[in-house]
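Colleague: The numbering of the sequence shown is my numbering, which starts it at -18 and goes up by one.
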Amino acid sequence: MTFEVPQTLIDGVVRQFDPVEVYLFGSHARGDARADSDIDLYVVVDDAKAATLNTAQTIGEARSAYDGSVDIVVTSASRYAERKHLIGTLAEIVHDEGLRVYARNG
């Protein structure tokens, strides 16, 4: 059974971050989530916005549209591109196992 990220959560993330891409990763992406598993999102933003958007306040505001447990990781597009093939990095795990749930251009 495929997990679908709640639209209210995606909308909140898009509103707060204007991301290039958003990936679901972790247990929900792998299909082995339990009832108490949180939702893990990896948010790729424009390089110029990365430093100002990767704050607890911005992440909290994006999560506020959803009642469940959510972890949001924010990274710049260039950092994701640099690290997605480096074994053992979160970017590599997202690249290999993650499911893209949003793309700005498609």
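Positions of the beta carbon are idealized from the N, C-alpha and C atoms, including for glycine.
Look at V90 and T(-17) and say whether their C-beta atoms are less than 9 Å apart.
Modeller: Residue 90 is absent from the structure shown; the chain starts at -18 and stops at 87.
Colleague: Alpha carbon to alpha carbon, how far is V1 from G49?
Modeller: Roughly 24 Å separates the two Cα atoms.
Colleague: Tell me which same chain residues have a C-beta within less than 8 Å of the C-beta of D(-1), skipping the five on either side of it?
Modeller: V26, D27, K30, R85
Colleague: Count the other C-beta atoms from every protein chain shown that fall within 10 angstroms of the C-beta of G69, then say buried if there are 16 or more, exposed otherwise.
Modeller: It is exposed - the Cβ of G69 has fewer than 16 other Cβ atoms within 10 Å.
Colleague: If we ignore side chains and look at the alpha-carbon of each, how far apart do A72 and E42 end up?
Modeller: 23 Å
Colleague: Span of the alpha helix (DSSP H) holding I(-9)?
Modeller: For I(-9), the uninterrupted alpha helix (DSSP H) segment begins and ends at -12 to -2.
Colleague: Opposite R81 in the DSSP bridges: which residues?
Modeller: Y4
Colleague: For D28, name the three-state secondary structure that DSSP assigns.
Modeller: D28: helix per DSSP, three-state reduction.
Colleague: How big is the Cα-Cα spacing for L80 and P(-13)?
Modeller: 14 Å
Colleague: If you draw a straight line from the C-alpha of H66 to the C-alpha of F6, how long is it?
Modeller: Distance from the CA atom of H66 to the CA atom of F6, rounded to whole angstroms, is 16 Å.
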